[in-house]
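Notes follow once the structure below has been shown.
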Ligand code: SF4
């Protein structure tokens, strides 16, 4: 029996609200959520095609880690091995801790959102704390344009 689940798009930063119709384990339809407080019934063509991402046989479901001895740079699929989320979080956390211990919190930053936002807004450095850069939904021109062209809900 079909059931509508309230969810959101994970493709880019606005996280537009979506209503997903599911039948058992399968998503059968996606449409914009008119009651989402931020996207208010908008979803772009990428979000509405999210089912194709979910069903993609090449979808990455577990973190790939470059195998030991494989040099940095372009790599082939066989150059990676799957690791558990716990292992990858522990390993990345350990490496970040080393950098922070050696150079201070200002040596580490993060970028959230789309690449174009990351390019437009360099990571700000704050002494002693982690710095983050992200594109704000309210200040992103592409989002403002898209909001004016709402997809029918
Ligand atoms: S703008 Fe499009 S891709 Fe980005 S979160 Fe919204 S629906 Fe998803």
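In my numbering, the protein residues as written are -19 to 133. The beta carbon of each residue, even a glycine, is placed where N, CA and C say it ideally should be. All values derive from a computational prediction rather than experimental measurement.
* Quick one: residues in its chain with C-beta nearer than 6 Å to the C-beta of residue 16, no 5 flanking neighbours on either side, listed in chain order? => Close CB contacts of residue 16 within its chain, under the 6 Å cut and outside five residues either way in sequence, are with -3 (chain order).
Is residue -10 helix, strand or coil by DSSP?
Residue state, collapsed to three classes: coil.
Hey, could you find the ends of the alpha helix (DSSP H) residue 21 is sitting in? Neither: residue 21 is in no alpha helix (DSSP H) and is coded neither H nor E.
Quiz item: Which stretch, first to last residue, makes up the alpha helix (DSSP H) that contains residue 77?
Solution: Residues 65 to 83.
Taking the beta strand (DSSP E) that residue 27 falls in, what are its first and last residues? No beta strand (DSSP E) holds residue 27; the alpha helix (DSSP H) holding it covers 25 to 28.
For residue -18, is the classification buried or exposed, using 16 other Cβ atoms within 10 angstroms of its Cβ as the cut-off for buried? Its Cβ having fewer than 16 others within 10 Å, residue -18 is exposed.
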